[in-house]
Amino acid sequence: MKSCGFCSQRMNGLHPDPDPPSGICESPGSTASPFRMSGEEQPTVDTEQEQEPPAGDGGEKVVEQEVFTYRSLVLTGYGGYDKVRLQLKQGRPAPGGGEVAVRVRACGLNFSDLMARQGLYERLPTPPVTPGMECAGLVEAVGEGVEDRRVGDRVLVVAKCGLWQEMVLAPADHTFPMPEGMSYEEGAALPINYVTAHMMLFHMANVRAAQSVLVHMAAGGVGIAATQLCQTVKDVTVFGTASASKHEAIKEGGVTHPIDYRTTDYVEEIRKISPKGVDVVLDPLGGSDTQKGFNLLKPMGTLIMYGSANRLSGQKKNLLAVAKTWYNQFSINALSLMHANKAVCGFHLGYLDDFDLTAQVMNVLLELYAQGKIKPRIDSTYHFEQVSDAMRRMQERHNIGKVVLLPEPKPEEDQKESQKDDKNEEDQKNEDPKEEAKQEDAVKPEES
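End of the sequence shown sits at 448 in the UniProt record's numbering; the numbers just go up one at a time, nothing left out.
Below, the structure written as structure tokens:
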């Protein structure tokens with residue numbers, strides 16, 4: 001059994017194996033079962049069955065009671081987009097003590113979910129497992145001892161995993177009331193990206209007026225969150241890297257100096273504008289980019305590493321990209337750091353097990369939203385059936401802002417149109433089977 005941060009995860013559910021693994025995901029210090037997830041289940045379940053009546057009962061058929069089912073996305077193994085599958089679970093989840101049952105309306109897709117699909121995110125339990133660290137929805141039931149949540153409340157839910165489902169159980173203190181006017185899509189887009197950006201900028205870097213910040217992947221979820229939060233401090237200059245097609249969008253969002261990392265050397269561009277460098281670097285890339293970021297820091301500057309996106313290349317794990325990133329990883333000894341008068345920090349929300357701190361930041365962010373100072377940008381929404389398309393959009397760096405997943409079934413007309421598009425795309429691939437490989441090789445990590 002593999003740990004899941006504040007959760008320890010064991011799987012149960014319908015499985016072709018006659019002896020499937022079983023269990024629940026529990027929060028330490030609590031007897032509640034916050035996120036209960038099934039294993040690799042069959043994609044469809046009969047919800048109503050008829051039986052032939054026994055002889056002599058008048059020939060009437062007995063109809064079984066309808067079984068409650070709900071939709072769930074399950075990571076069935078490591079690899080390509082097809083490893084995340086839509087499945088049905090049986091039985092209405094009943095909240096235990098201190099829990100609430102939430103009908104999910106929208107879920108957030110994060111870069112870590114792409115890493116997890118390839119087996120590069122250690123905090124997700126071993127497949128089969130339901131991913132998902134954030135969602136928004138409606139409280140449908142409350143457990144014993146819950147006093148500050150009511151049926152019908154609109155809430156955000158934060159977890160280590162397990163939220164890509166139509167119904168979830170969560171500890172009540174892991175839910176947050178949604179501000180008036182916030183959509184479910186915005187609710188699902190806020191927690192992970194904005195908590196990450198806020199903790200780095202204000203808890204670690206202590207950003208102050210008139211400072212400068214380098215934001216890599218500035219058109220991604222964390223990038224947009226960081227840019228908006230920088231605007232809550234007077235006269236902060238934001239350098240943002242993104243492909244040229246996204247510069248107009250990120251400039252409108254608050255980036256002072258957009259830089260096309262694909263065609264120019266971002267270090268040289270920053271030095272032209274600010275010869276002394278910058279005060280803060282937010283680095284989600286890793287590898288050689290971390291060393292570049294450290295060199296860009298002014299004296300008393302802070303580098304915060306919070307990801308290693310350079311390891312992700314193509315649908316499946318690329319061992320060459322992983323090895324290259326590891327080989328080029330930044331390293332410095334304490335004495336050199338002291339002489340440089342610079343700070344190097346690391347941040348990983350998945351390893352932050354102090355949920356009280358996360359909750360404090362969430363409450364600050366919700367207040368900022370209510371004041372109109374921050375607002376998640378939604379790039380696109382995809383139904384659970386389209387999860388492969390959603391992951392592809394993010395991994396191929398087409399998104400500007402947050403990609404959101406919707407548990408509700410895709411409308412039938414849209415499904416027919418999507419099937420046509422899929423057929424056309426498949427025909428194109430058959431005509432040129434090398435095209436997909438070329439596209440994957442051309443991709444360089446950018447927005448999340």
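By construction, the Cβ of each residue, glycine as well, lies at the ideal position given by its N, Cα and C atoms.
Identity of the residues DSSP links to residue i by a beta bridge
{"i": "aspartate 283", "result": "Met305"}
{"i": "serine 183", "result": "DSSP output for serine 183 lists no bridge partner at all."}
{"i": "glutamine 90", "result": "Thr69"}
{"i": "glutamate 99", "result": "Pro171"}
{"i": "proline 407", "result": "BP columns for proline 407 are empty, so no partner."}
{"i": "threonine 273", "result": "The question names threonine, yet the displayed sequence has isoleucine at residue 273. Per DSSP, none; premise fails for isoleucine 273."}
{"i": "lysine 402", "result": "Ile378"}
{"i": "alanine 106", "result": "Ala136"}
{"i": "arginine 85", "result": "Val74"}
{"i": "leucine 297", "result": "Val278"}
{"i": "isoleucine 332", "result": "Answer by DSSP bridge pairing: none, since isoleucine 332 is not bridged."}
{"i": "proline 125", "result": "According to DSSP, proline 125 bridges with nothing at all."}
Contacting residues, own chain, Cβ-Cβ under 8 Å from residue i (five flanking each side not counted)
{"i": "proline 43", "result": "Note that proline 43 has pLDDT 36, beneath the 50 cutoff, so the model's placement of it is unreliable and the number below is only indicative. Taken in chain order, the residues that qualify are Arg85, Leu86, Gln87 and Leu88."}
{"i": "glutamate 412", "result": "none"}
{"i": "arginine 150", "result": "Val139 and Val142"}
{"i": "serine 388", "result": "Tyr81, Asp82 and Val84"}
Pick from the options that is closest to residue i, judged by C-alpha positions
{"i": "residue 508", "options": "Met394, Asp235, Gln291 and Leu282", "result": "Given that the chain is displayed from residue 1 to residue 448, the structure contains no residue 508 and the question cannot be resolved."}
{"i": "aspartate 260", "options": "Glu396, Ile378, Asp235 and Met217", "result": "Met217"}
{"i": "glutamine 291", "options": "Val278, Pro177 and Ser331", "result": "Ser331"}
{"i": "alanine 172", "options": "Asp153, Met182 and Arg262", "result": "Asp153"}
{"i": "tyrosine 194", "options": "Asn341, Tyr81 and Thr358", "result": "Thr358"}
{"i": "threonine 237", "options": "Ala188, Leu120 and Val207", "result": "Val207"}
{"i": "glutamate 367", "options": "Ser72, Pro177, Leu73 and Ala94", "result": "Pro177"}
{"i": "valine 215", "options": "His198, Gly240 and His203", "result": "Gly240"}
{"i": "arginine 258", "options": "Asp289, Val213, Pro299 and Leu229", "result": "At residue 258 the sequence reads proline, which differs from the arginine that was named. Minimum Cα distance to proline 258 is reached at Val213."}
{"i": "aspartate 82", "options": "Pro409, Phe384, Val404 and Lys410", "result": "Phe384"}
{"i": "tryptophan 164", "options": "Thr76, Gly132, Ile224 and Tyr369", "result": "Gly132"}
{"i": "methionine 167", "options": "Arg71, Ala226, Gly253 and Glu252", "result": "Arg71"}
{"i": "leucine 75", "options": "Val100, Tyr369 and Pro127", "result": "Pro127"}
{"i": "residue 475", "options": "Glu269, Asp289, Ala323 and Val280", "result": "The shown model of the chain, from 1 to 448, leaves out residue 475, and the question about it has no answer."}
{"i": "glycine 253", "options": "Gln228, Glu268 and Lys276", "result": "Gln228"}
Residue i to residue j span [Cα, whole Å]
{"i": "glycine 221", "j": "lysine 375", "result": "11 Å"}
{"i": "isoleucine 192", "j": "glutamate 134", "result": "7 Å"}
{"i": "arginine 117", "j": "threonine 381", "result": "20 Å"}
{"i": "isoleucine 273", "j": "leucine 349", "result": "33 Å"}
{"i": "glycine 187", "j": "leucine 156", "result": "6 Å"}
{"i": "alanine 209", "j": "glutamine 231", "result": "10 Å"}
{"i": "serine 243", "j": "glycine 372", "result": "28 Å"}
{"i": "valine 403", "j": "leucine 335", "result": "43 Å"}
{"i": "proline 93", "j": "threonine 256", "result": "48 Å"}
{"i": "asparagine 363", "j": "glutamate 185", "result": "18 Å"}
{"i": "valine 278", "j": "leucine 109", "result": "30 Å"}
{"i": "arginine 271", "j": "methionine 182", "result": "40 Å"}
{"i": "tyrosine 266", "j": "histidine 198", "result": "24 Å"}
{"i": "aspartate 356", "j": "alanine 226", "result": "22 Å"}
{"i": "residue 470", "j": "aspartate 113", "result": "Absent from the model: residue 470. The displayed extent of the chain is 1 to 448, so no value can be given."}
{"i": "glutamine 65", "j": "glycine 91", "result": "12 Å"}
{"i": "glutamate 408", "j": "glycine 98", "result": "27 Å"}
{"i": "arginine 377", "j": "glutamine 329", "result": "32 Å"}
{"i": "leucine 296", "j": "glycine 287", "result": "15 Å"}
{"i": "proline 125", "j": "methionine 204", "result": "29 Å"}
{"i": "valine 100", "j": "glycine 162", "result": "15 Å"}
{"i": "arginine 123", "j": "lysine 160", "result": "8 Å"}
{"i": "histidine 339", "j": "asparagine 333", "result": "10 Å"}
{"i": "serine 308", "j": "proline 284", "result": "6 Å"}
{"i": "valine 344", "j": "threonine 196", "result": "16 Å"}
{"i": "valine 67", "j": "glutamine 360", "result": "40 Å"}
{"i": "valine 146", "j": "tyrosine 351", "result": "27 Å"}
Contacting residues, own chain, Cβ-Cβ under 6 Å from residue i (five flanking each side not counted)
{"i": "glycine 137", "result": "Val102, Arg103, Val104 and Arg105"}
{"i": "glutamate 435", "result": "Note on glutamate 435: pLDDT 47, under 50, position unreliable in the model; the coordinate value appears next. None."}
{"i": "proline 299", "result": "Asn341"}
{"i": "isoleucine 400", "result": "Ala219, Lys246, Ala249 and Asp379"}
{"i": "leucine 190", "result": "Pro376"}
{"i": "arginine 262", "result": "Ser243"}
{"i": "tyrosine 121", "result": "Ser112 and Met115"}
{"i": "glycine 293", "result": "Val281, Asp283 and Leu303"}
Cut-off 7 Å between Cβ atoms - residues of its own chain near residue i, not counting five sequence neighbours on either side
{"i": "methionine 200", "result": "Leu282, Ile304, Tyr306 and Phe347"}
{"i": "arginine 392", "result": "Tyr81"}
{"i": "lysine 251", "result": "Pro258"}
{"i": "alanine 370", "result": "Pro179"}
{"i": "aspartate 235", "result": "Ala209 and Ala210"}
{"i": "alanine 390", "result": "Leu109, Tyr382, Val403 and Leu405"}
{"i": "isoleucine 224", "result": "Gly253, Arg377 and Gly401"}
**Message:** Please give the ranges of any beta strand (DSSP E) in the stretch 336 to 399, keeping only runs that are unbroken, at least 3 residues long and fully inside the region.
**Reply:** As far as the stretch 336 to 399 is concerned, its whole beta strand (DSSP E) runs of at least 3 residues are 343 to 346 and 378 to 383.
**Request:** Enumerate, from N- to C-terminal direction, the unbroken alpha helix (DSSP H) stretches of 4 or more residues contained entirely within the stretch 210 to 256.
**Result:** Counting only runs of 4 or more, we get 221 to 230 and 247 to 252.
**Item:** Any beta strand (DSSP E) of 3 or more consecutive residues that is wholly inside the stretch 127 to 215
**Value:** Taking 3 residues as the minimum length, the beta strand (DSSP E) runs contained wholly in the stretch 127 to 215 are 134 to 142, 154 to 158, 167 to 171, 175 to 177 and 212 to 215, in order along the chain.
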